[in-house]
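Peer 1: What follows is a single structure, and I will ask about it in a moment.
Residue numbers (this note's numbering): 3 to 72.
Below, the structure written as structure tokens:
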């Protein structure tokens, strides 16, 4: 499941970063690129860093403006 739509980063990739030693949202962002676009996924990235899980399929990137029309 995609967490960061802007950069195409999946939950699995974020979990890989965490297993490889990333311990903060900033470290996950540096390693994966997640959150470096619009930033709408940073809350979800933080949830994963804290050991949480994505429970609802529409929760990632809810703050993302990608694809929204004016």
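Note that CB positions come from ideal geometry on N, CA and C, so glycine has one too.
Remember, it's a predicted structure, so these values are computed and weren't measured experimentally.
Using 8 Å as the limit for Cβ to Cβ distance, is residue 23 near chain D?
Peer 2: This model lacks chain D altogether, as it is built from one protein chain only.
Peer 1: Find the nearest neighbour of residue 6 within the set 22, 45, 21 and 23, judged by alpha-carbon distance.
Peer 2: Walking along the chain shown from the start, residue 6 turns up at place 4. When only C-alpha atoms are compared, the closest one is 45.
Peer 1: In terms of DSSP beta bridges, what is residue 6 paired with?
Peer 2: For this step, residue 6 is matched to residue 4 along the chain shown. Beta-bridge pairing links residue 6 to 11.
Peer 1: With respect to the alpha helix (DSSP H) encompassing residue 52, which residues constitute its N-terminal and C-terminal limits?
Peer 2: Start at 1 with the first residue of the chain shown, and residue 52 comes out as number 50. Premise fails: residue 52 is in no alpha helix (DSSP H) and is neither H nor E.
Peer 1: Between the alpha carbons of residue 56 and residue 37, how many angstroms are there, rounded?
Peer 2: Counted from its first residue, the chain shown places residue 56 at position 54. Counted from its first residue, the chain shown places residue 37 at position 35. Cα to Cα, the separation comes out at about 16 Å.
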